[in-house]
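Residue numbers (the numbering used here): 1 to 329.
For reference, the structure is listed below as structure tokens.
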Amino acid sequence: MNVLEHVSLKEKTTLHVGGTARYFIATEDVEGAVRFAKGKDLSVWVLGGGSNIVLPDSEINVVAIQVLEKGNKILEETHDSVIIEVGAGESLDTFIQHTVQKGYWGLENLSLIPGTVAGLAVQNVGAYGIEASSYIESVCVFNIKKEKFETIKNNKCCFGYRTSIFNTSKKGSYIIYSITLKLSKIPKPMLEYRSIKNFKENPTQQEIRNKIIEIRRGKDLDPEKIWSVGSFFKNVEVSSLENHTLSDTVKNSVFAIEGGYKIPSAALIDDLSMKGLCVGDACISDRQANMIINKGNATAIDIQKLFKKVQRKILLETGIELCNEPEFL
């Protein structure tokens, strides 16, 4: 196990912001990494793909662990479905491409989302009408306190909108090692989301993936070209629209959900003409209003100031408080 000291984390995140970690370990041996951290009397912090985090500009006095467990294996297969286990350190988009090539339906709408497979469970990743929780069977974790592996079933993960026990009640308690998913071998295109609803009659799985990639790249959502965490502001779920001041433009973008309405954060930000707004090199994307991008030398302080600036204006004008999707460490 290779232990590095005072390692810059900036290049290990998709936002390219952040300072250093006291120790950094990239390994499959999560048990050994945890024991090392306990020996140093330091907390464990799991980096993952660095795609949903805003790190501070100073050094973090932790043992940062990047889980390298990759690959996948079929646990069970029938005529209709496949149950597949995939390592937490596998690139999410690489795995999705694999499922498309194999004809395993379910995750294609999540194409081009940055990060690793572990993020599916941590954040209940969702896009274009689907959420990971619909396909996750269980999550294999390493319990940091008990120093043993455990399996957590879907119904114990407490999945919600961009939440799970892994980023709420049990945050910092587990290291995700692998995820088991159940995917369909029967074509089940999910095309209810507005921007993909009518793009083609009876599209293939690869055509859906290609369309999602095309849309995301057109919105500055290509992680290979743009430094960002993807969506920065959570969409807003409300039980009623009556208590909020919304323009007709925003109202036209609202859609009904169970128990109320979902208001796209991008519509709120765009309606108040905040595309292109910057603090230092941290800017609201000109193409996708719910994204904060790093144009080169943004700091964590720049990112936080810009977020607060947008949040305050939206609250003042509409009565809605936007929440951040990535974690501020």
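Glycine included, every Cβ here is placed at the ideal spot set by N, Cα and C.
C-alpha distance - residue i paired with residue j, whole-angstrom precision
i      : j      : result
GLU31  : GLY280 : 41 Å
ASN243 : ASP270 : 20 Å
SER231 : LYS12  : 18 Å
LYS200 : LEU107 : 19 Å
VAL139 : ARG35  : 22 Å
ASN2   : ARG22  : 14 Å
LEU306 : GLY48  : 25 Å
LYS146 : ALA33  : 14 Å
ILE226 : GLU59  : 25 Å
THR168 : SER111 : 25 Å
LYS185 : GLN101 : 12 Å
Where residue i sits in the DSSP three-state scheme
i      : result
HIS244 : coil
ILE152 : strand
ALA132 : helix
HIS79  : coil
LEU4   : strand
LEU181 : strand
THR27  : strand
ILE144 : coil
GLN205 : helix
Closest residue to residue i among the options (Cα-Cα distance)
i      : options                        : result
ILE288 : VAL229, SER184, TYR261         : Before going further, note that residue 288 is Gln rather than Ile in the sequence given. Comparing Cα-Cα distances from GLN288 to each of VAL229, SER184, TYR261, the minimum goes to VAL229.
ILE320 : PRO326, GLU327, GLN311, SER173 : GLN311
GLN206 : SER51, THR99, LEU181           : THR99
LEU15  : LYS308, ASN198, SER58, VAL54   : VAL54
CYS158 : VAL122, GLN304, THR249         : VAL122
ALA267 : THR151, THR318, LEU92          : THR318
ASN52  : GLU147, GLY115, SER184, THR204 : GLY115
VAL86  : ILE176, LYS219, ASP248, GLY296 : ILE176
ILE141 : ALA132, LYS153, SER133, GLU5   : Position check: residue 141 holds Val in this sequence, whereas Ile was assumed. That would be LYS153, whose Cα lies nearest to the Cα of VAL141.
TYR104 : SER8, TYR135, SER178, VAL117   : TYR135
THR78  : GLU137, ASN61, LYS182          : LYS182
Other residues of its chain near residue i: CB distance less than 6 Å, five sequence neighbours each side excluded
i      : result
ILE130 : ASN109, MET190
SER239 : GLY260
TYR193 : TYR128, GLY129
Per DSSP, the bridge partner or partners of residue i
i      : result
ILE113 : ILE113 is not bridged to any residue.
ALA21  : VAL7, ILE60
VAL100 : According to DSSP, which records beta bridges pairwise, VAL100 is partnered with nothing at all.
Contacts around residue i, its chain only, beta-carbon distance under 7 Å, and the 5 residues preceding and following it disregarded
i      : result
THR245 : GLU317, THR318, GLY319
VAL17  : LYS10, VAL54, LEU55, ASN294, ALA298, THR299, ALA300, ILE303
Below-9 Å beta-carbon distance, residue i vs any chain C residue
i      : result
ASN294 : This model lacks chain C altogether, as it is built from one protein chain only.
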